[in-house]
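Numbering (the working numbering), first residue to last: 135 to 366. Heads up, the beta-carbon is just placed ideally off N, CA and C, and yes, glycines get one too.
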């Protein structure tokens, strides 16, 4: 069985890096209202570790930077996979590693930083800093009060824009917080999927015009399609 091409890619625009989509155990939360991505997980640790090893073998170390994503948090990857990543960082002289984790893992980030022989950049799926919308509509299970609290633990928030029920003011505030409190960030333009959460086309058009300058901002990656990173 060959390695699916969509599990490995190179990002050659902003923040050049290699990126791998690996398989992990089920997301510890797994109840976000907008997410059907959690189907890319499993319970057979040995099989997942074998697949992940195939994907990781494609990493060249060309940029000295690697991003590893999975359908959940990095803490849900098989232990064998985490060991393989650690070895890979040394073998390929990779000095920076991007990982993602849910808010519930905020007190374990230092544990992972100690485990990996590279600078870790931790992403978090914030979606929005509007707590009511984040919890009541999106069901994120991330009860932080504001961006300052998130910035104490995480390096790079992922925002989501263009959802029915969101407002222009909410999005403007989120972008302001991203630029004020974080050095890096990602903005995902929402695309309809199998969940009941729907895209607001008018809001998307407004965002892409009002925040066109983000496309030139070296610190912010705007994903218009969910596969814009070349994986998935």
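_Contact set for residue 281: own chain, Cβ-Cβ below 6 Å, skip 5 residues either direction_ = Sequence-distant Cβ neighbours of residue 281 in its own chain, meaning closer than 6 Å and more than five residues away, are 263, 311, 315.
*Straight-line CA distance for residue 209 to residue 272?*
A straight line joining the alpha-carbon of residue 209 with that of residue 272 spans about 22 Å.
_Assuming residue 291 is part of the beta strand (DSSP E), what are its boundary residues?_
Note, residue 291: beta strand (DSSP E), 290-295.
*Residues near residue 284 by beta carbon distance below 7 Å, same chain, minus five either side*: Cβ within range, chain order: 258, 260, 278, 291.
_Per-residue DSSP class, three states only, for residue 221_ = Note: residue 221 maps to helix in three-state DSSP.
*Can you grab the Cα-Cα spacing for the pair residue 191 / residue 185, in whole Å?*
Distance between the alpha carbons of residue 191 and residue 185: 10 Å.
_Pairwise C-alpha distance: residue 332 and residue 170_ = Between residue 170 and residue 332, the C-alpha separation is close to 13 Å.
*asked:* If distances are taken between C-alpha atoms only, which option among 193, 327, 251, 295 comes closest to residue 320?
replied: The shortest C-alpha separation from residue 320 is found at 295.
*Decide if residue 181 is buried, meaning its Cβ has at least 16 other Cβ atoms within 10 Å, or exposed.*
Residue 181 is exposed by the Cβ-count criterion.
*Using a threshold of 9 Å, state whether the C-beta atoms of residue 275 and residue 238 are closer than that.*
Pairing residue 275 with residue 238 gives a Cβ-Cβ distance under 9 Å.
*Is it true that the CB of residue 156 sits closer than 9 Å to the CB of residue 193?*
Taking 9 Å as the Cβ cut-off, residue 193 and residue 156 do not qualify as a contacting pair.
*Classify residue 203 as helix, strand or coil using the three-state DSSP reduction.*
When DSSP states are grouped into helix, strand and coil, residue 203 belongs to the strand group.
_Measuring straight from C-alpha to C-alpha, what distance separates residue 230 and residue 175?_
If I take the Cα positions, the gap works out to 25 Å.
*Tell me whether the beta-carbon of residue 293 lies closer than 9 Å to the beta-carbon of residue 308.*
Taking 9 Å as the Cβ cut-off, residue 293 and residue 308 qualify as a contacting pair.
*If you run the structure through DSSP and keep just helix, strand and coil, what is residue 153?*
Of the three classes helix, strand and coil, the one that applies to residue 153 here is strand, per DSSP.
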